[in-house]
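Here's the structure we're looking at; comments come further down.
In our numbering, the protein residues as written are 72 to 277.
What follows is the structure, encoded as structure tokens:
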């Protein structure tokens, strides 16, 4: 961090075979000119969250945009002393992403309508997610998501929402709800697994 010469500004480079519609600058300009639609939230500032995630192996970097797109970068070691990030693909989603979590193999996307989508990270083509990629739904806007793999090989998805709830769902059968944590009185913004039996959550109730 102290060597600013190694800082890199990530700006998606659009290939010739990609439509101009996938250019984030073009889309942002159009969105600013349009009136608020039904897809917009009551307070758009709630959704202006810059989500940045690395895969556990550190080989991929994911960054969300405010144009319903997620950019996937891969590390490129052209120089032994420097690491550059090159745009690999663009994931287009139906609603703005409010939270992300991922493994080396797949990405989980939580959106403002309460849906969770899953997409493969092992492919390198652009993809537009559809309802077929949705693995679970909620009645409130999601604020955080965490994928959990237990020692006994059980896997779960933790989600938090704007209506004070933390939900624990089985994976991959996310329709099977293990239970809820209902101790908060305000929105639950963050949740983390701290050991095999406890989670840590942050809420607007302090």
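Each residue gets a CB set at the ideal place from its N, CA and C atoms; glycine is no exception. Model, not experiment: these values are computed from the prediction.
Just the Cα atoms here: how many angstroms apart are residue 208 and residue 229?
Taking the straight line from one Cα to the other gives about 13 Å.
Just grab the DSSP bridge partners of residue 211 for me.
Note: residue 211 sits in no beta bridge, so no partner.
Extent of the continuous beta strand (DSSP E) to which residue 265 belongs:
Segment: none, residue 265 is in no beta strand (DSSP E) and carries neither H nor E.
Please list the terminal residues of the continuous beta strand (DSSP E) segment that includes residue 177.
Counting along the chain, the beta strand (DSSP E) containing residue 177 begins and ends at 177–182.
For residue 178, tell me which candidate among 155, 123 and 148 has the shortest Cα-Cα distance.
When only C-alpha atoms are compared, the closest one is 123.
Closest to residue 268 by CA distance: which of 137, 192, 133 and 221 is it?
Residue 221 is the option with its Cα nearest to residue 268.
Excluding sequence positions up to five away, which residues of its chain have a Cβ less than 8 Å from the Cβ of residue 125?
The residues are 131, 132 and 133.
Start and end residues, beta strand (DSSP E) containing residue 188:
Where residue 188 is concerned, the enclosing beta strand (DSSP E) stretches over 187–191.
Bridge-paired residues (DSSP) for residue 220
Residue 220 pairs with 226.
Using the beta-carbon count (16 or more within 10 Å), is residue 199 buried or exposed?
Looking at its Cβ environment, which holds fewer than 16 other Cβ atoms inside 10 Å, residue 199 is exposed.
When you compare only the Cα positions, how much space is there between residue 163 and residue 170?
Roughly 15 Å between the two C-alpha positions.
Just curious, the beta strand (DSSP E) that residue 172 is in, first and last residue?
From DSSP, the beta strand (DSSP E) with residue 172 extends over 168–173.
Considering only residues of the same chain and omitting the five flanking positions on each side of residue 195, which have a CB-CB separation below 6 Å?
Contacts found: 159 and 160.
Could you have a look at residue 232 and say whether DSSP puts it in helix, strand or coil?
The answer is strand: DSSP assigns residue 232 an E or B state.
Start and end residues, beta strand (DSSP E) containing residue 202:
Boundaries cannot be given for residue 202, as no beta strand (DSSP E) includes it and DSSP labels it neither H nor E.
Short Cβ contact (7 Å threshold) for residue 189 with residue 216
No, the pair does not count as a contact, with Cβ atoms beyond the cut-off.
Mind checking whether residue 181 and residue 135 have CB atoms under 7 Å apart?
With contacts defined as CB atoms closer than 7 Å, residue 181 and residue 135 fail to qualify as a contacting pair.
Quick one: residues in its chain with C-beta nearer than 6 Å to the C-beta of residue 186, no 5 flanking neighbours on either side, listed in chain order?
Excluding residues within five positions, the ones whose Cβ falls inside 6 Å are 205 and 208.
Report yes if the C-beta distance between residue 183 and residue 212 is below 7 Å; otherwise report no.
Contact: yes.
State the beta-bridge partners of residue 246 as determined by DSSP.
Its beta-bridge partners do not exist; DSSP assigns none.
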